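Structure first, commentary second.
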Amino acid sequence: MKTDTPKLIAAVLLGLLAFLQDACNKNGSSNNKMTGDDAKNAQASYVPPGQKDEYYLFYSGGHSGQVFVAGIPSMRHIATIPVFSPYSGTGYGYDIETKKMLGDYTWGDVHHPALSQTNSEYDGRWLFVNDNANNRVARIDLRDFKTKQILGPIPNSMGNHGSSFVTENTEYILVATRFSVPLPKGRVADPNDYATQFNGMVSGIKVDPATGQMSVGWQILTPPFDWDLGSTGKGPSSGWAFWTSYNSEMAHNVLETNASQKDRDYAAIVNWRAAEKAVAEGKATMMDGVPVIDPAKVPGVLYFVDIAKSPHGMDVDPSGKWVVAGGKLQPTTTVINFEKLQKAIANKDFVHGGDVRGIPLLEHHDVVEGEVPVGLGPLHTQYDGLGNAYTSLFIDSQVAKWKLPPWTDEEKKDLTKVVLDKIPVHYSIGHLVVAGSDTAHPYGKWLVAMNKLSKGRHLSVGPSQPEDSQLIDITGAKMKMIYETFTEPEPHFAQILKADKIQPIEVYPKDENKDPNAIWEAAQAGQTRNGDGVDAKVTAIRSRFVPDRIDARVGDTLTVHVTNIEQSADMIHGFGLVEHNINLVIDPGETRTFQVKLTKPGVYPFYCTNFCSALHQEMQGYLVVKNEGAAEPASESVNPASIPPAPKTDAVQGEPAVPATSLPAVPNNTPPPPRPPAAASTSPTP
Amino acid sequence: MQPARVPGARAGFPANNMPTFLHREFRFLHKSLNLWSRLCLLAAAITVVISVLFPLWKLHLVAPQYSNGLVMQIYAYKIHGGGLNGNDINEINNLNHYIGMKKIDQADFTEMQIMPFMFGVFILLALRGIVMGEMKNVVDLFVLAAYFGAFSIGAFYYRLYWYGHNLDPHAPVHIQPFTPLIFGTQKIANFTQSSYPELGTYLLWVFMALLILAIWFSRKEEAQAV
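Taken in sequence, the protein lines are chains U and E.
All residue numbers for the first sequence refer to this note's numbering, where the first residue is 1 and numbers rise by one.
All residue numbers for the second sequence refer to this note's numbering, where the first residue is 1001 and numbers rise by one.
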């Protein structure tokens, strides 16, 4: 073949030009020129300063162990709620209470937040999140946006991915295992014996309707498939729950290929009300303290249906009639008709001789309404309540909008006709969320695409790249890209709540503080010694701690209870103790307590870490730690309140400056000079 | 309309020896109160009762970070803070401590004990006027109320002066002693302070006006047996 030289040169030149232009775009200052509908779209998401968003967006923080709160439509990040990871920003994991809640873990993997529901509507009480890593679930109270309980590790449950799915009246948080292990946990078996020795589990985490307190209710033993994602029924499917799975091959190694051999995997259809009843009737056996149902022996609790292929999401629509599984490795979503499913179960139309380890397998064709060719890598499906479904396409990097059944005969013949619209997202979308999709009456209006890869669409921050979230307007026939933002790792699923559904408190009312160590008057502040324990009760108010001196000895266990006696919104105080890895953050009206074993002598300042006032810098004090066996300082057990204006007597104010070289002359164990009476009038006037 | 003569009313002062002016005054003070005047007195008594339920004065402090403002309302018997659980008082005190101002504490306000007592006296005197039915009863009450009103305003002003002039010299922020406005709006540092009467005070003005009306209605009545 002859080469056309001039054309080649031209092509190379053009390519070079394009490269240069590209390089200029990347390196040059931003040239954000608006084109097309940009200005209009900007208006759609713009919330002027001083105004508030219409919706809350709660997105999971993935392996950051946190939950992020943003507003819609602005997508502004408003707060981070630490759940499974310490977060010094809010003092989470530094005080006794939150430390105890975290246990020995310093991280978790938050995937699927779920708002509490009443009658399949968000009731604005709690947000539940799962920890994929350490098999836990947590409850956040939406009254104060704080984590209130962490339950787990859940016994007999490994890899808490298929959670947390709230039932229609928040009776249960339903949980299924991603990993299978020999059960009960702690038992060792050879992974080569995976199929016979390993098991998965579906758990019903009971929620106290009044307090939200969670406890493990019951469990259903399953074959060692990898349960993936699920959802709970409503309306006609009330009392049921659904999960997809991969690895029906029951591979234990090289899952990438070995778990992708079959064209279909099993979805689990769980009658959780039947499970609850079976446990009440004593049909469960105890394993590690939990009543466990063997579904092979207790019929009516668990059914399987095979769907394509290595499916991922499993989402019930607002009517409760359609359950949609994302094919992941097959470019379709499988729409299960719950009425057909019920009929098949009632008629025992099971696959002939085709039970799976004693669990009935439903005939695919009996229960499936159709498989919609939505595109490549369908993962999750959300609904707008208007008969439309929105499926994330991981491989295509798109969202597909399609029409739920009922379909016309013509549509049924060619289901490409029900796919209404597609919009590109950037890039490799995982979950997506439509406002209120998992309720009986979605808000619709907005869709947030949570994309796994941002691939440099942001200012470069080095190789550790953030995730990408995009706001899409779904009110029209065509989806419209409105806004893009970037988040820390790593949102999986999210929930959207209408802002007026909740009225969070802004301060903890004094009357509600039941902490036995809370004090409200500076006169009650002070420290007491009990053997090797020193207990200090401290008040914090703009701009002082009382007392602002704590005395202890090496070897003591120091317990400090700090009460923020403010009752004004946003008057938050911190209590950072230097070189002791302590930072409390105390909201107005709150009491927080830390405990630390004192191991080194010295004088350690503590100070307010959360900016509070013009004299925030002055809000500080000293922890004096003397060597063991030192004489009791005269003032130690008294430590009177040092307000108003603390007499500046401990300091050597007014005396000539001592040369630094002579400082070591004062040994650590010298008692401090006695304090004069703490009255303002006696304070020497300079 | 001639109201019934009230039993026990004294009459027959020797008027003849008096100068004309005083005589006229004397006669005026002994005029009988007609029904309208007595109804005015009843309304006046009721107005005082109602005024206790409402704040007399309101101090309002607005700053950028307190966009809704901090509110302190003065009732006849209490100081009431705005905000959650009346927290605005704590907040005002907390801010004032930076300039060394003494805490506003209801216990320090002896007026709060005197005022309900005085209101009770007003009510009793008004009722007494209805029963006694003489002009002088109304005039006594009016004079007493006017004096008390003026005294209260003066005392209130002195309070404000006292708070603004007894600043702790060791306070973190030194400012020139000042008197917070009693009536009007002014700027203090980042705060816009406004101070205005509230419904309770307006009702007391209505009370005074009703007393004047009571006098007016009976201005042409006959003196009682003079």
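Just so you know, even glycine gets a beta-carbon here, dropped at the ideal spot from N, CA and C.
Fair warning: this is a prediction, and the values are worked out from it, not measured in the lab.
Quick check on residue 1205 (chain E): buried or exposed, where buried means 16 or more other Cβ atoms within 10 Å of its Cβ?
exposed
Compute the distance between the beta-carbons of residue 326 (chain U) and residue 404 (chain U), then report whether it is under 8 Å.
no
Alpha helix (DSSP H) segment containing residue 132 (chain U), residue limits:
Per DSSP, residue 132 (chain U) belongs to no alpha helix (DSSP H) and is neither H nor E.
Assigned secondary structure, residue 533 (chain U) (DSSP; H/G/I helix, E/B strand, else coil)
strand
Determine whether the beta carbon atoms of residue 114 (chain U) and residue 166 (chain U) lie at a separation below 8 Å.
yes
Would you identify the three-state DSSP class for residue 468 (chain U), choosing helix, strand or coil?
strand
Report the partner residues of residue 371 (chain U) according to the DSSP bridge assignment.
U:334
At what residue ranges does the stretch 496 to 578 of chain U contain a whole run of the beta strand (DSSP E), taking only runs of 3 or more?
526 to 530, 533 to 541, 544 to 546, 549 to 553, 557 to 564, 573 to 577
Beta carbon proximity, residue 1208 (chain E) to chain U, threshold 8 Å
no
So, does the CB of residue 1003 (chain E) fall closer than 8 Å to a CB anywhere in chain U?
Because the pLDDT at residue 1003 (chain E) is just 48, under 50, the model does not fix this residue reliably, and the value given afterwards should be weighed accordingly. Output row for residue 1003 (chain E): interface = no.
Does the stretch 128 to 141 of chain U come close enough to the stretch 211 to 224 of chain U to have 3 or more Cβ pairs within less than 8 Å?
yes
Beta-carbon spacing of residue 176 (chain U), residue 230 (chain U) below 8 Å:
yes
Using a Cβ cut-off of 8 Å (strictly closer), state whether residue 48 (chain U) contacts chain E.
no
Using only CA atoms, which one of U:331, U:586, U:66, U:204 lies nearest to residue 513 (chain U)?
U:586
Straight-line gap, residue 1132 (chain E) to residue 1032 (chain E) (C-alpha atoms, nearest Å)
9 Å
Could you check which residue in U:310, U:299, U:281 has the C-alpha nearest to that of residue 250 (chain U)?
U:310
Could you have a look at residue 179 (chain U) and say whether DSSP puts it in helix, strand or coil?
coil
Pair within 8 Å by beta-carbon distance, residue 1030 (chain E) and residue 1214 (chain E)
Cβ atoms of residue 1030 (chain E) and residue 1214 (chain E): not closer than 8 Å.
Mind checking the stretch 600 to 617 of chain U against chain E and listing, in chain order, the residues whose C-beta falls within less than 9 Å of any C-beta there?
613, 614, 615
When DSSP labels each residue in this structure, what does residue 478 (chain U) get in the three-state scheme?
coil
Check for me: the alpha helix (DSSP H) holding residue 1150 (chain E) runs from which residue to which?
From DSSP, the alpha helix (DSSP H) with residue 1150 (chain E) extends over 1135 to 1165.
Any Cβ of chain E within less than 8 Å of the Cβ of residue 567 (chain U)?
yes
Using only CA atoms, which one of U:541, U:559, U:594, U:592 lies nearest to residue 570 (chain U)?
U:541
Under 8 Å between C-beta atoms of residue 262 (chain U) and residue 248 (chain U)
yes
Which partner residues of residue 450 (chain U) appear in the DSSP bridge assignment?
U:469
In angstroms, rounded to a whole number, what distance separates the CA positions of residue 1159 (chain E) and residue 614 (chain U)?
28 Å
Shorter than 7 Å, the distance from the beta carbon of residue 1057 (chain E) to the closest heavy atom of the ligand ATP, or not?
Inclusion of the ligand ATP in the displayed structure is not the case, the ligand content being empty and no account of it being possible.
Taking residue 338 (chain U) as the reference, give the member of U:472, U:200, U:38, U:271 with the closest Cα.
U:271
Determine, using beta carbons only, whether residue 1172 (chain E) comes closer than 8 Å to chain U.
Cβ-Cβ to chain U under 8 Å: yes for residue 1172 (chain E).
On the DSSP letters alone, give me the boundaries of the alpha helix (DSSP H) that residue 1128 (chain E) sits inside.
1111 to 1132
Could you compute how far the alpha carbon of residue 147 (chain U) sits from the alpha carbon of residue 83 (chain U)?
6 Å
Which residues of the stretch 476 to 507 of chain U have a Cβ closer than 8 Å to any Cβ of chain E? Give them in chain order.
506, 507
8 Å CB neighbourhood of residue 543 (chain U) in its chain, flanking five on each side removed
608, 612, 613, 614, 615, 616, 618, 619
Per DSSP, the bridge partner or partners of residue 1227 (chain E):
The question about residue 1227 (chain E) has no answer here: the residues shown for chain E are numbered 1001 through 1226.
Answer with buried or exposed for residue 685 (chain U), where buried requires no fewer than 16 other C-beta atoms within 10 angstroms of its C-beta.
Unreliable placement is indicated for residue 685 (chain U), whose pLDDT of 34 sits below 50; the coordinate value is still reported in the next sentence. Residue 685 (chain U) should be labelled exposed.
Grab me the residues of residue 358 (chain U)'s own chain with a C-beta within less than 7 Å of its C-beta, minus the 5 sequence neighbours each way, in chain order.
296
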